[in-house]
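Residue numbers for the sequence shown follow our numbering, so the first one is 41 and each next one is one higher. Comments concern the structure below.
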Amino acid sequence: MTLKRSAALTSILDKYTSRNFLHIELGGVRSNHMSHGLIALGYLNASQGRLEKFGNFYCENESDGYKVEPPHRHDVTKIHNLEELLAFRGQRKNFLGIAEYFVEEINTEGSSARELVSKYAPYVIEGLSGRLLHAL
């Protein structure tokens with residue numbers, strides 16, 4: 041099954057999963073899974089109205105006692121190099137700064153997602169193992 045990324049899904053994903061809209065965690069302990077729900081609905085060919093309804097519901101209701109939060113703008117540190125990036129490893133801080141580092145790397149270095157994963161996986165895999173396997 042392949043996902044046809046419709047204009048409606050693209051628009052809703054841009055709105056609800058933007059770094060400028062929601063923080064990546066809920067209450068500092070749970071991951072924000074908004075994009076997962078939207079993409080699953082996209083696979084089901086949900087209408088723009090249904091996608092909006094899901095986004096609004098997710099924003100207005102709690103998940104295991106936690107609500108979505110706005111971006112943590114107070115917690116942004118510009119990262120210039122690998123050493124500075126690795127200084128945040130395991131701290132659960134500076135999500136926006138880390139995201140911007142990778143966006144800048146894509147824009148200035150022309151790296152693809154595959155190249156970024158290959159380059160940075162050895163540095164972060166240990167910390168990701170729990171997150172990657174949590175569904176199992």
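The C-beta atom is built at its ideal place from N, Cα and C for all residues, glycine as well.
Assigned secondary structure, S103 (DSSP; H/G/I helix, E/B strand, else coil): strand
In terms of DSSP beta bridges, what is L66 paired with? R70
To the nearest angstrom, how far is the alpha carbon of F94 from that of S151? 33 Å
Where do the ends of the alpha helix (DSSP H) carrying V143 lie? 135 to 149
Supposed contact pair A48 and L91 - C-beta distance, whole angstroms, cut 8 Å: 6 Å
Find the nearest neighbour of V131 within the set G68, K55, L53, judged by alpha-carbon distance. As written in the sequence, residue 131 is Gln, which differs from the Val given in the question. Checked all of G68, K55, L53; the closest Cα to Q131 is G68.
Is the Cβ-Cβ distance between R70 and S103 less than 8 Å? Yes, they are a contact pair.
Looking at Y141: is its Cβ nearer than 8 Å to the Cβ of I119? yes
From the DSSP output, in three-state form, read off G130 for me. coil
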